[in-house]
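If you're matching positions, the sequence shown starts at 1 in full-length UniProt numbering and goes up one per residue. Report on the structure given below.
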Amino acid sequence: VEERILTLCSGALSNIVREVELFKKTASENHLDIMTSPRHDLTVEDGLTGAVTKAYTDFMVATAATGSLLEGLVLLWATEKCYLEAWSYARSQIPSGSAPSTESGKTRALETFIHNWTTSEFRLFVEEIEALVDEYAKKFSGEQYEDAKNKAAEVWKWCLWYEERFWDGE
């Protein structure tokens with residue numbers, strides 16, 4: 001199972017590179033500035049991110065640096081599951097049969113992102129992570145299992161906490 005996890009993580013890293021390019025391309029095509037903070041109270045000295053975004057990033061780094069493989073895998077699953085659910089909900093709000101938007105650049109960009117994170121391939125990717133989490137967790141038993149389960153649940157809860165606040169723009 002570890003080799004499959006490594007393959008999945010390698011693919012996830014490639015996806016991050018592809019997604020960064022998607023953000024840049026979409027921003028350029030729609031005349032959006034993604035290099036400045038949407039919050040006017042932040043400055044370059046603040047790092048252009050709010051406290052929640054910084055804390056979320058710190059949480060991810062800390063989990064990657066000190067957490068177990070299971071905790072890291074749960075973090076990946078939780079973040080991707082949040083994306084899938086959020087963008088699927090956004091897609092459900094678009095009237096069926098509506099044509100691509102001729103609206104503002106922001107609307108067109110949102111349509112691009114909705115499409116990107118609601119494909120069947122992305123859903124399968126999220127399901128694959130979930131299956132690997134379940135399979136890897138079977139390696140544990142007894143107290144070790146309970147400890148791993150509790151730590152994984154904490155990662156999941158914190159990820160949801162940060163995701164909710166991140167999207168609220170805190």
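Each residue gets a CB set at the ideal place from its N, CA and C atoms; glycine is no exception.
- With a 10 Å radius around the Cβ and a threshold of 16 neighbouring Cβ atoms, residue 5 comes out buried.
- Distance from the CA of residue 29 to the CA of residue 35, rounded to the nearest whole angstrom, comes to 15 angstroms.
- Annotated as proximal: residue 126 and residue 80, with beta-carbon spacing under 7 angstroms.
- A contact is defined here as three or more CB-CB pairs under 8 angstroms, and the stretch 84 to 98 meets this definition with respect to the stretch 109 to 129.
- Taking 7 angstroms as the cut-off, the beta carbon of residue 112 is found closer than this to the beta carbon of residue 26.
- Taking one beta carbon from each stretch, the stretch 59 to 79 and the stretch 159 to 167 have 3 or more pairs nearer than 8 angstroms; the two touch.
- Approximately 11 angstroms separates the beta-carbon atoms of residue 8 and residue 135; this is outside 8 angstroms, ruling out the contact.
- For residue 150, the enclosing alpha helix (DSSP H) covers residues 142 to 168.
- Per DSSP, reduced to three states, the secondary structure at residue 106 is helical.
- With a cutoff of 7 angstroms on beta-carbon distance, residue 59 and residue 167 are scored as not near each other.
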